[in-house]
Amino acid sequence: MTEESTQTLTVVVERELPHPPEKVWRAITQSALIGEWLMQNDFQPVADHTFTFRADWGSVVGTVRSVEPEKELSYTWEAYGLESVVTWTLTKTSTGTNLRMEQTGFRPDQMQAYHGAKAGWPNFLDGLEKVLEKAD
Amino acid sequence: MGGVVLFKAIADPTRRALFERLCREGDLTVGALTARSGISQPAVSKHLRILKQAGLVRDRIDGRQTHYSAQPAALAPLLDWTREMAGFWQTRFDQLEELLKRMD
């Protein structure tokens with residue numbers, strides 16, 4: 001594990017899709033379509049809308065942060081008491097759409113809230129690797 | 137998608153602080169942990185119970201005192217978070233591509 005990953009906990013998945021952004025946008029923002037590939041939900045692409053994704057292993061609660069049709073969609077993703085932010089970016093290409101999903105483990109403002117606190121997440125994660133090295 | 141109990145245990149900043157102190161200072165009693173925590177002894181005990189359920193601390197009774205020690209190896213699933221989520225999204229992207237083929 002790299003130092004960077006312990007600090008930011010970021011996951012990026014990116015794919016080239018042979019479909020126009022308008023179609024990809026519908027697939028990632030319309031509740032019934034989201035249900036077909038991600039999870040059952042009551043999602044609405046409206047800023048500040050709070051939604052729930054449900055699966056057999058549990059549920060994810062989120063709030064829409066920003067919506068820029070056919071370009072960018074961002075929402076919070078809270079599961080198991082850990083909050084993260086999922087941001088979808090659509091870029092039109094000559095063959096369709098480049099779709100990029102970035103999930104960042106800890107929201108910048110959440111890190112701000114813990115700033116100065118000894119038990120803040122950034123410090124905690126910084127120390128984690130060292131602690132594990134010592135563990136049997 | 138394991139680690140629910142662990143994630144809930146460390147999501148609380150007070151519990152993280154208690155756990156970090158045990159990692160740094162080794163074996164401590166509830167009294168010693170309470171002294172610099174700014175919360176009551178019953179509250180510290182409650183947090184320790186949750187940490188214990190998550191496997192993050194171990195207790196040892198010595199006479200009338202209970203000593204707690206950190207079990208940092210129990211944190212391993214947290215380090216797997218990125219790997220688990222990457223696997224989760226790869227599968228969902230596959231399903232998204234299948235859906236896009238079916239859509240108009």
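Residue numbers (our numbering), protein chains in the order written: chain W, 1 to 136; chain Z, 137 to 240.
Think of the CB as a built atom: it goes at the ideal place given N, C-alpha and C, for glycine as much as any other residue.
| Query | Result |
| --- | --- |
| Cut-off 8 Å between Cβ atoms - residues of its own chain near C159/Z, not counting five sequence neighbours on either side | A206 and P208 |
| The stretch 33-51 of chain W: positions lying closer than 8 Å to chain Z by Cβ | L33, E36, W37 and L38 |
| Positions along the stretch 214-236 of chain Z whose CB lies within less than 8 Å of some CB in chain W | L214, L215, W217, T218, M221, A222, W225, Q226, R228, F229, Q231, L232, E233, E234, L235 and L236 |
| One or two residues paired with G58/W in a DSSP bridge | A55/W |
| Limits of the unbroken beta strand (DSSP E) element including R172/Z | No beta strand (DSSP E) contains R172/Z, which DSSP labels as neither H nor E. |
| Min CB distance V11/W to chain Z below 9 Å | yes |
| Contact set between R15/W and chain Z, taken where Cβ atoms lie within less than 8 Å | F229 and E233 |
| Between the CA atoms of W37/W and V13/W - distance to the nearest angstrom | 15 Å |
| Element boundaries [alpha helix (DSSP H), containing A209/Z] | Counting along the chain, A209/Z falls outside any alpha helix (DSSP H), and DSSP gives it neither H nor E. |
| Test: V240/Z CB closer than 9 Å to a CB of chain W | Inspection of the sequence shows that residue 240/Z is occupied by Asp rather than by Val. It does: the Cβ of D240/Z has a partner Cβ on chain W nearer than 9 Å. |
| Alpha carbon of D244/Z to alpha carbon of R65/W, nearest angstrom | An answer regarding residue 244/Z cannot be provided, because it is not within the stretch 137 to 240 covered by chain Z. |
| T63/W - partner residues in DSSP beta bridges | T50/W |
| Proximity winner among V67/W, A79/W and K71/W, relative to H49/W (alpha-carbon distances) | V67/W |
| Contact set between Q30/W and chain Z, taken where Cβ atoms lie within less than 9 Å | None at all; the shortest Cβ gap to chain Z is about 10 Å. |
| Buried or exposed by the 16-neighbour rule on C-beta atoms within 10 Å, applied to T227/Z | exposed |
| Where the beta strand (DSSP E) containing A79/W begins and where it ends | E72 to A79 |
| Beta-carbon neighbours of K23/W, restricted to chain Z and to distances below 9 Å | L236, M239 and D240 |
| Per DSSP, the bridge partner or partners of V86/W | Y75/W and Q103/W |
| Extent of the continuous alpha helix (DSSP H) to which L187/Z belongs | Q177 to Q189 |
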